[in-house]
Each structure stands twice: as C-alpha cells, then as structure tokens.
Amino acid sequence: MAELGAFLRSRREQLDRAAFDLPPLGRSRTPGLRREEIAYRAGVSITWYTWLEQGRDINPSRQVLDALAVTLRLSAAEQDYLYTLAGYTPASAAGPLLPSALPAHLHRLLDAQLPSPAFAVSPDWTITGWNGAYEALYPGVATVAPEDRNLLQLIFTDPYVRDLLPDWEVMSRRFLAEYRGSAGPLLGQAVHVALVKRIIATSGDFERAWQAHRVERFESRERRFLHPVAGELVFEHHRLIPSDLPDVHLVVYLADHRGDTAAKMRQLLAAGEVTT
Numbered sequence: 001m002a003e004l005g006a007f008l009r010s011r012r013e014q015l016d017r018a019a020f021d022l023p024p025l026g027r028s029r030t031p032g033l034r035r036e037e038i039a040y041r042a043g044v045s046i047t048w049y050t051w052l053e054q055g056r057d058i059n060p061s062r063q064v065l066d067a068l069a070v071t072l073r074l075s076a077a078e079q080d081y082l083y084t085l086a087g088y089t090p091a092s093a094a095g096p097l098l099p100s101a102l103p104a105h106l107h108r109l110l111d112a113q114l115p116s117p118a119f120a121v122s123p124d125w126t127i128t129g130w131n132g133a134y135e136a137l138y139p140g141v142a143t144v145a146p147e148d149r150n151l152l153q154l155i156f157t158d159p160y161v162r163d164l165l166p167d168w169e170v171m172s173r174r175f176l177a178e179y180r181g182s183a184g185p186l187l188g189q190a191v192h193v194a195l196v197k198r199i200i201a202t203s204g205d206f207e208r209a210w211q212a213h214r215v216e217r218f219e220s221r222e223r224r225f226l227h228p229v230a231g232e233l234v235f236e237h238h239r240l241i242p243s244d245l246p247d248v249h250l251v252v253y254l255a256d257h258r259g260d261t262a263a264k265m266r267q268l269l270a271a272g273e274v275t276t
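If you want it as structure tokens, here you go:
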C-alpha cells in the first residue's frame, strides 16, 4: 500500500488549485490541493484519506477509487495504475464505450486484412468498425441502426446471421460464454445490464442460454459460414488487442489458410457485394 499512498500524494501535489477555483497557498505550503480538499470532493473522511496516503493496510473499495480518480483528474493510464495498485482490474477494462468512429489507424489495420473479413468491437461487443470483406460477409452491418450494431445481439436476433452460421446452436452459445468470460466483473455495469435485458426481451434462445451461466475464454479456431452468394466459406478466427487501445478488440477471419475462401472473398468484393 506504500506505493499506492505515494502515488496519490504525488498526483494530489501536482494539481492546479486554480483549476478547482481554489485560492493559492502560501509559498511555504506544499503545492497542489490539501488532503482535506481531496477528501471532501471524493466524499471520504479526511482521516481515511490520510491513512491511504500514509500507505496503511486498508482496502479501498472500487467506488472510492472511482471517486479519487475523478477528483485527482487521472489520465487513463494513471487510472489503470491506481486500480492495479489497489488489486483491482484496471480501469480501462471497465471504462466507457468507444465512440462509433474508430481511430483512423485501426481502420487502416482492418483494411490491410483484405480479403479477410475484420471488424472491431468495444467492451460490450458493439461493432465500432469493419472492413469491406466483413461487410461482404454480413451486409447488414452497414444498415443496422448504430444502437443495435452489437455482435452478441445480432447473433441472437438477426435471421441473416442465424442462416449464415451452419452451426448456430453451438456457436451462439459459445459466443455468449466468451462474452460472459470477457466481461466478467463488468457485467454489473449499466451498459452490460441494459444489453442483456434488451436481448432477453427479443430472444428466448438467449434467455435460456444466459441462465446456463456458461463461461469460456476466447480461443482461435476454425469458423464456417454459408454465404448466400459465395456458398461455404472457411476461416481461421483470431482476436487481437491493440496495446494503445486495449478496450478495442480486433476480430479477424483469416481467409487464406485453407481452400478457396480467399478467392471467393475477392470475387465478392469485385462483384460489388459491399454496399458502401
């Protein structure tokens, strides 16, 4: 806890009092905000916060760390560090969803996978970007409403996706088990709770599978699709996590590991199956 205390004190002393509408302190005083000012804004007692900075063996809750992170105006990297020091999952894993506009460099990375389909998802599996090959595989990704462009939701509610998966009964439940495994302690967050409620309201299959509480980790594997134009397509399924944006997961269906799938994907792209 000593490192946690030292980190909190360092960040407190680096704060600009003017940014908090506070008067400057005398030259003899330590710069930054005082402990009681941080404690008041974070909603904790001054004694308890002082103990934290002193490195005493106390266990702050995640809610308290949330409040301190906001009060101290920590960066994303600093929030991760704070949570790690306290023994919690890094804050980035529980952070807000990405905006619908994926960063340009990740769009370029997705496009570089052609003719392999590739797309990006946020922590709740909202699809935030894709390349032309993925749109050729699943044209609906470009037309579905942004608020419904969630991979888990589409697997259980879109008839096209169900027909696309010859092993839908198996794969839909595996996807759900992987979602539960990746979300883990974040399932209590409002965005995840709302997603589950929304899918339950429209899919009895999802509700039954959700109640089974199956949990799995992601593993790269072979994936088969039955495309209405190209017929059977066989891919190798991979998931990548960019080090600069760990909340983004890039999913790639590698098209050139077996058979003529890569050639079929090129034909789909050349034939203008992509709608954008």
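Residues in the sequence shown are numbered consecutively from 1, following UniProt numbering. Cβ coordinates follow ideal geometry from the N, Cα and C atoms, glycine included. Note that the structure is a prediction, hence the values are computed from the model and not measured.
With a contact defined as Cβ atoms closer than 8 angstroms, LEU226 and ASP124 miss out at about 28 angstroms. VAL64 and ARG34 have their C-alpha atoms spaced approximately 18 angstroms apart. Under the three-state reduction of DSSP output, LEU74 falls in the coil class, being neither helix nor strand. The stretch 109 to 181 contains, as complete alpha helix (DSSP H) runs of 4+ residues, the segments 132 to 137, 151 to 157, 159 to 164 (chain order). Under the 8 angstroms Cβ criterion, the stretch 165 to 181 does not count as touching the stretch 139 to 147, having fewer than three qualifying pairs. Take the alpha-carbon of VAL193 and the one of ALA112: they are about 35 angstroms apart. Partner residues in the beta bridge of TYR253, as assigned by DSSP, are HIS237.
A check of alpha carbon separations from THR128 across GLY55, PRO103, ALA212 identifies PRO103 as the nearest. The Cβ atoms of ALA67 and ALA86 do not sit closer than 9 angstroms to each other. Taken through DSSP and simplified to helix, strand or coil, ARG198 comes out as helix. In the structure shown, GLU222 falls within a strand segment according to DSSP collapsed to helix, strand and coil.
As the crow flies, the alpha-carbon of PHE20 is around 40 angstroms from that of LYS197. For the pair HIS238 and GLY26, the Cα-to-Cα distance works out to about 58 angstroms.
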